[in-house]
Structure formats: C-alpha cells, structure tokens
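First to last, the sequence lines map onto chains A and B.
Letter by letter, the first sequence follows residues 649 to 834 in my numbering.
Letter by letter, the second sequence follows residues 649 to 834 in my numbering.
We put the CB at the ideal spot given by N, CA and C, even for glycine.
If you're wondering where the values come from, they're calculated on a predicted model, not measured in any experiment.
Number of protein chains: 2
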Amino acid sequence: LSRRLVVALVHYPIVDAQKNVVTTAITNLDIHDISRSARTYGCTDYFLIHPIEAQQELLGRILGHWREGSSGRRIPARKEALSLARGVRSLADMFDALGGRDAVEVWVTSASPLLRAMTFPEAKARLDGEGKPVVIVFGTGWGLAPSVIENADAALVPIRGEGSTFNHLSVRAACAITLDRLRGAQ
Amino acid sequence: LSRRLVVALVHYPIVDAQKNVVTTAITNLDIHDISRSARTYGCTDYFLIHPIEAQQELLGRILGHWREGSSGRRIPARKEALSLARGVRSLADMFDALGGRDAVEVWVTSASPLLRAMTFPEAKARLDGEGKPVVIVFGTGWGLAPSVIENADAALVPIRGEGSTFNHLSVRAACAITLDRLRGAQ
C-alpha cells in the first residue's frame, strides 16, 4: 500500500537566473516526458500550471490531438500516459481539483539545498504508508519561487551524482529520477 | 574508484513499431537532456550516432552555438554539459574514438526484457570496480536493432515502476534513471 502520488509542473511563479519571479513557456516535451514518467511510476495526475490562456489553449490542443486524433491510435501507450496530464491556471486551482490545500501534502523539489529537506529514503518511507495524497512540485526556469517553497509541507534533497556537485539536470530528468527513487522497482 | 562511463544514443540501426530497421532524426532535447544527465553522473563522453551528414551538420551547429556563442556564457553549466557531446557516423566510428571495440565493454538497454540481462544492483557492482570503460547504449524510435543487441557484452533489465508493467518512458528519462541507479548519490 502506498499513498496516492501526483506530479505538478509550475510555469508561474518561477525564478529566473537573477531570482526575479517570472512565467515560463510550456514545452512540448515536458508534456510528453513527464506524462510518461508519471504513468510509469503509478502517479494518478500530472498538473501543468500556467496562468496564461493562450498557453492553456496550446496545451489543450496537444492533449486533444493525442486523446482523439490518429496519434493516440498509433501509439496507445502514449495516449494512456497523456491521459494523466491536465492544465490549470494556478497552484490554487490544482488544490481545488484535489479537494483543497489541506487534503494533500505538498513536497517541493530544488536543484539547490533547502532547509530540513528529506533524503530520498526518508521520503520513500513516508510515501509507503497511509496518509493524504502527495503532490510533488517541480519548477521550470531556474526553479520554484520562494512563495511556493515556503508554503510546502516538505522538501526533497537535490539530486546529485556520486562525488559530484553538478546541479543542472533538465526538469524532465529530475522528475524521472525523483519518481524512480520513490517508486522504482529494482 | 569506478570505471569510466560513456553514453551512446543510437539513431541507426533502430527499429520502428513494425520492427523494421530505420534511421531516426536527432532531437534537440536529446542533445541537451542527455548531456546534462551524463555530466551529472560523471560520464566522460556522450556519443550521438547518426549516419547522415546533414544531421551531423545540424548537431555540429547546435553544439558550436553553445561552445562558442553567447548562450554558453549565459549558462556556463549547460556549456560544460554539452562539452561531453559529439556526433559520430556509426557505432564503429565511436569504437575507433574509444580505442577499438575490444577496449570497451558495451552494455545495451531496452524497454523489453533481454536474455540474461543484469539487474541494476549487479550492474552497479560491476561498474564500481576496475575494468575497461563501459559504454551504455540507448536506442531512439522503438529501440536498438537486433544487430546492436547481439554484439553487446551485457544488457540491463528494463526500467519499471513498482507493481507496474508500463514500458513507455522517453529515452531522456530512461537515460537519466539508468545513470542515477548506477551512479546516484542518495
């Protein structure tokens, strides 16, 4: 038995290289790759958070193409993975869709160390029990804005290679590795 | 002490959904994401294998842009990661660059089970010792052609989530997870 797991990808509020709060654009391969990773590791939902209507329309067209078009018939596994993805305007809208902020536990991720972050073995132990659904939140750009981190229930340590301090993974890779560390079958 | 680790991404020979041997196109985010993962986990080289001159020229332009252009100054970590990437025309050309086929050990990956594949703990034990450099080979499209698999020294088990048989990860995610399982710092 394991807790329900949800993935969120935030395009606002995000910081840029100068720590300004910005909005990033939706990337097609973020939709595909993270849906496929989420489905592989038994996540129930993948929320793409973007405040701009035109970006939500773009996302809706891409998802509709796979849900209803010929590509979904050609690659059924892709259609199945993309069925987890949906767009919302804000973190608040995501929480509403999940029954409210208090109905879930929010874990944030970062390429830089955060205060009192859980190690992955600690996080895995916490996930492999009973409890509220867990939403793992990933940032685009240069990472999640401080307001997102401050309002989380827990944080994960950054992903590192053995003996390395290099911290410039793609969000697609970071998400895949995070889910594998929490829910991978060796 | 650990053995030298090299990543290879094959665009030919690859199979399509009907198991025909085909050539796939180079994808910009395969260059970036796999370079970043390779650098994170201490790989020394990332070979992109493509037989077509126009695709090698495209790859060269993208890499040159990051090595010499303004983007590399703007994001030094990206420049550092992309310095691992290089294009070659064939697996044979990659082996030549590494001192010959017998100078390296070739491990293939697959989304489907392969005969006598190593588990990740077995592979990690084999890597954490002395020995020839290890080249981990990833396929694009629907996976590596049989000729590549038959000529390998070893294979890795497919990546799975706990209690799941879903096997449609992106190659970018599969590469990131593979390297993390072999060289991740928990």
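Can you name the start and end residues of the alpha helix (DSSP H) that residue i belongs to?
i: isoleucine 682 of chain A; result: 676-688
i: isoleucine 710 of chain B; result: 701-716
i: arginine 829 of chain B; result: 819-831
i: glutamate 728 of chain A; result: 724-730
Starting from residue i, trace the beta strand (DSSP E) both ways and give me its first and last residue.
i: aspartate 664 of chain B; result: It is not in any beta strand (DSSP E) - aspartate 664 of chain B carries neither H nor E in the DSSP assignment.
i: isoleucine 697 of chain A; result: 693-697
Using DSSP bridges, identify the partner residues of residue i.
i: isoleucine 784 of chain B; result: B/Val655 and B/Trp755
i: methionine 766 of chain B; result: B/Leu804
i: serine 809 of chain A; result: Residue 809 of chain A is actually glycine in this sequence, not serine. Answer is B/Gly832.
Using CA coordinates, which residue listed in the options is at the minimum distance from residue i?
i: aspartate 828 of chain A; options: A/Val782, A/Gly791, A/Asn799 and A/Lys772; result: A/Lys772
i: leucine 615 of chain A; options: A/Met766, A/His659 and A/Ser812; result: What is shown of chain A runs 649 to 834, which leaves residue 615 of chain A out entirely.
i: valine 736 of chain A; options: A/Ala824, A/Ala745 and A/Ala729; result: A/Ala745
i: proline 769 of chain B; options: B/Ile697, B/Ala656 and B/Arg831; result: B/Arg831
i: tyrosine 694 of chain B; options: B/Ser650, B/Leu739, B/Glu705 and B/Val670; result: B/Leu739
i: glycine 791 of chain A; options: A/Asp664, A/Ser650 and A/Leu653; result: A/Asp664
i: arginine 732 of chain B; options: B/Asp681, B/Ile807, B/Val819 and B/Val805; result: Looking at the sequence itself, residue 732 of chain B is leucine, so the reference to arginine does not match. Checked all of B/Asp681, B/Ile807, B/Val819 and B/Val805; the closest Cα to leucine 732 of chain B is B/Asp681.
i: alanine 833 of chain A; options: B/Gly811, B/His816 and B/Arg687; result: B/Gly811
i: glutamine 704 of chain A; options: A/Pro724, A/Pro794 and A/Ala673; result: A/Ala673
i: proline 699 of chain B; options: B/Met742, B/Glu778, B/Arg652 and B/Ile797; result: B/Met742
i: aspartate 678 of chain A; options: A/His713, A/Gly787, A/Ile723 and A/Leu804; result: A/Gly787
i: alanine 729 of chain B; options: A/Cys691, A/Lys780, A/Ile697 and A/Thr813; result: A/Thr813
i: aspartate 801 of chain A; options: A/Ile807, A/Thr692, A/Asp750 and A/Arg820; result: A/Asp750
i: valine 670 of chain B; options: B/Leu817, B/Val752, B/Gly789 and B/Ala803; result: B/Gly789
i: alanine 765 of chain B; options: B/Gly747, B/Gly748, B/Ile797 and B/Gly712; result: B/Ile797
i: proline 761 of chain B; options: B/Pro806, B/Ser795 and B/Ala725; result: B/Pro806
Secondary structure at residue i, three-state DSSP: helix, strand or coil?
i: arginine 737 of chain B; result: coil
i: alanine 793 of chain A; result: coil
What residues from chain D crowd round residue i, counting only those whose CB sits closer than 7 Å?
i: leucine 677 of chain B; result: This model lacks chain D altogether, as its protein chains are A and B.
Is residue i a contact residue of the ligand MG, with contact defined as CB to any heavy atom under 6 Å?
i: threonine 672 of chain A; result: As for the ligand MG, it is missing from this structure, which has no ligand bound.
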